[in-house]
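Just so you know, we're using my numbering here: the sequence shown kicks off at 493 and counts up by one.
Comments concern the structure below.
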Amino acid sequence: MYRSPLFDGARHFAETRCDSWFILSAKHGLLQPTEKVDPYNESLYQLDEAAQEDWARKVYGQLESRIEKSSAVVFLAGVKYRSKLQKHLQRDGVKIYAPMAELGIGRQVAWLQKLIREANRLRDLDRLYALISRLASRRNCIDPQLVSRSSKTVPQKGIYFFFQQDEFRMTQPLEMRVVRIGTHAVSKGSKSTLWNRLRTHRGAVDGSGNHRGSIFRLHVGDALLRKLKTESRFPEWGVGQSANAAIRDMEKEMELEVSKTISSMPVQWLNIEMRRPRTVIAPT
Numbered sequence: 493m494y495r496s497p498l499f500d501g502a503r504h505f506a507e508t509r510c511d512s513w514f515i516l517s518a519k520h521g522l523l524q525p526t527e528k529v530d531p532y533n534e535s536l537y538q539l540d541e542a543a544q545e546d547w548a549r550k551v552y553g554q555l556e557s558r559i560e561k562s563s564a565v566v567f568l569a570g571v572k573y574r575s576k577l578q579k580h581l582q583r584d585g586v587k588i589y590a591p592m593a594e595l596g597i598g599r600q601v602a603w604l605q606k607l608i609r610e611a612n613r614l615r616d617l618d619r620l621y622a623l624i625s626r627l628a629s630r631r632n633c634i635d636p637q638l639v640s641r642s643s644k645t646v647p648q649k650g651i652y653f654f655f656q657q658d659e660f661r662m663t664q665p666l667e668m669r670v671v672r673i674g675t676h677a678v679s680k681g682s683k684s685t686l687w688n689r690l691r692t693h694r695g696a697v698d699g700s701g702n703h704r705g706s707i708f709r710l711h712v713g714d715a716l717l718r719k720l721k722t723e724s725r726f727p728e729w730g731v732g733q734s735a736n737a738a739i740r741d742m743e744k745e746m747e748l749e750v751s752k753t754i755s756s757m758p759v760q761w762l763n764i765e766m767r768r769p770r771t772v773i774a775p776t
């Protein structure tokens with residue numbers, strides 16, 4: 493059996509996170525983990541374009557009878573092996589997921605080894621997501637974006653979860669990542685409502701908002717500024733608990749972008765019913 497820190501980490505991921513797994517071999521195509529082969533020194537990088545395409549068709553033929561069309565396939569192999577094969581799978585509607593696609597070899601090894609070290613924490617995260625999924629199934633779905641919600645359709649008190657549609661858990665293919673969890677109006681005597689808090693995060697109907705009144709808006713704005721490389725245009729973003737009219741006017745463009753982003757996020761909530769206090773009459 494071939495051994496390396498990268499292969500050992502990938503094998504642990506496959507055995508603990510996937511239903512079944514296979515090894516991609518430049519010489520043999522698709523191998524079962526239990527298959528034994530003689531040592532060889534071949535790589536797809538040594539083959540020309542036509543030979544690589546032939547290899548991909550061969551492996552696709554081997555895979556076709558072993559996976560369902562509705563399956564999700566996780567690639568831990570390198571880009572050359574993945575890119576030649578995934579187009580055949582995508583043509584059949586198979587969902588493709590490559591959690592380490594943006595990582596170099598060193599960071600891949602570090603990430604895989606971290607998963608092994610933090611196995612207990614990962615189990616806790618899996619349990620959390622399973623509970624959220626269970627909550628969503630009881631309500632038939634994860635609720636649509638906040639743009640379609642109002643105070644009449646949101647409970648008075650509860651816990652809320654925001655998801656990012658185009659961002660998934662690295663350890664669980666095609667499962668939307670939770671990007672914000674919060675509670676509101678669950679403390680004794682609270683007069684505010686869950687909807688008021690969600691609306692503060694989302695912003696007003698016209699897209700305006702106040703990131704100084706919502707830490708979630710602040711973080712989303714920070715991320716957008718870095719993504720768009722526009723930090724220099726908004727030097728006062730996140731500075732202070734309040735801002736004058738001139739600064740707020742300058743930041744309006746970014747507030748609109750933040751509102752647009754948060755409004756598009758699916759959201760789920762758990763209604764929290766507060767127990768009424770009981771009057772206790774004790775014997776004297």
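In this text, a Cβ means the ideal position worked out from N, Cα and C, and glycines have one as well.
Note that the coordinates shown come from a computational prediction; the quantities given were computed from them, not determined experimentally.
- Message: Could you compute how far the alpha carbon of I597 sits from the alpha carbon of A502?
- Response: Separation of I597 and A502 (C-alpha to C-alpha, rounded to the nearest whole angstrom) is 12 Å.
- Going straight from the alpha carbon of N632 to that of S625, what length do you get? For N632, the predicted model reports a pLDDT of 44, less than 50, meaning its position is unreliable; a value from the coordinates is still stated below. Between the alpha carbons of N632 and S625 lies a distance of about 10 Å.
- Query: Roughly how many angstroms lie between the CA atoms of M592 and D530, to the nearest whole one?
  - Reply: M592 and D530 have their C-alpha atoms spaced approximately 29 Å apart.
- Counting pairs of beta carbons, one from the stretch 744 to 761 and one from the stretch 692 to 712, are three or more of them closer than 8 Å? In the pairwise beta carbon analysis, the stretch 744 to 761 is classified as touching the stretch 692 to 712: at least three pairs are separated by under 8 Å.
- Which whole-angstrom value is the C-beta distance of F653 and Q544, which I expect to be below 8 Å? Not quite, the Cβ-Cβ distance comes to about 43 Å (not below 8 Å), so this is no contact.
- Query: Shortest alpha-carbon distance to S563 belongs to which of S517, S684, C510?
  - Reply: If you compare the alpha carbons of S517, S684, C510 with that of S563, the shortest gap goes to C510.
- Comparing the CB of K719 with every heavy atom of the ligand MN, is any distance shorter than 8 Å? For the structure depicted, the ligand MN is absent and the ligand set is empty, with no information on it obtainable.
- Query: So, is E556 buried or exposed, given that buried needs 16 or more other C-beta atoms within 10 angstroms?
  - Reply: Exposed, since its Cβ has fewer than 16 Cβ neighbours within 10 Å.
- Message: Is it buried or exposed, S517, if we count other Cβ atoms within 10 angstroms and call 16 or more buried?
- Response: By the 10 Å Cβ count, S517 comes out buried.
- Message: What does the Cβ neighbour count give for E507, buried or exposed, with the cut at 16 atoms within 10 Å?
- Response: By the 16-neighbour rule on beta-carbons within 10 angstroms, E507 is exposed.
- Task: Specify, as a first and last residue, the run of the alpha helix (DSSP H) that A602 falls within.
- Result: Start and end: 597 to 609.
- Task: Return the Cβ separation of H580 and A548 in integer angstroms, given the expectation that the two are a contact with Cβ distance under 8 Å.
- Result: Confirmed, about 6 Å.
- Item | Closest residue to Y573 among L607, Y537, R619, K561 (Cα-Cα distance) | Comparing Cα-Cα distances from Y573 to each of L607, Y537, R619, K561, the minimum goes to Y537.
- Message: Given a cut-off of 9 Å on the beta-carbon distance, is the pair L607 and F726 in contact?
- Response: No, they are not a contact pair.
- For the beta strand (DSSP E) containing G521, list its first residue and its last residue. Start and end: 521 to 523.
- Query: Near K855, which residues of its chain fall below 6 Å by C-beta distance, leaving aside the five closest residues on each side in sequence?
  - Reply: An answer regarding residue 855 cannot be provided, because it is not within the stretch 493 to 776 covered by the chain.
- Task: Use the C-beta contact count for V646: other C-beta atoms within 10 angstroms, 16 or more gives buried, fewer gives exposed.
- Result: Burial state of V646 is buried, judged by a 10 Å Cβ sphere holding 16 or more other Cβ atoms.
- Message: Given this structure, state the Cα-to-Cα distance separating W687 from Q648, to the nearest angstrom.
- Response: Answer to the nearest angstrom: the Cα atoms are 7 Å apart.
- Message: Can you look up Y652 in the DSSP assignment and give me helix, strand or coil?
- Response: Correct three-state label for Y652: strand.
- Would the beta-carbon of K587 fall within 9 Å of that of P525? No, the pair does not count as a contact, with Cβ atoms beyond the cut-off.
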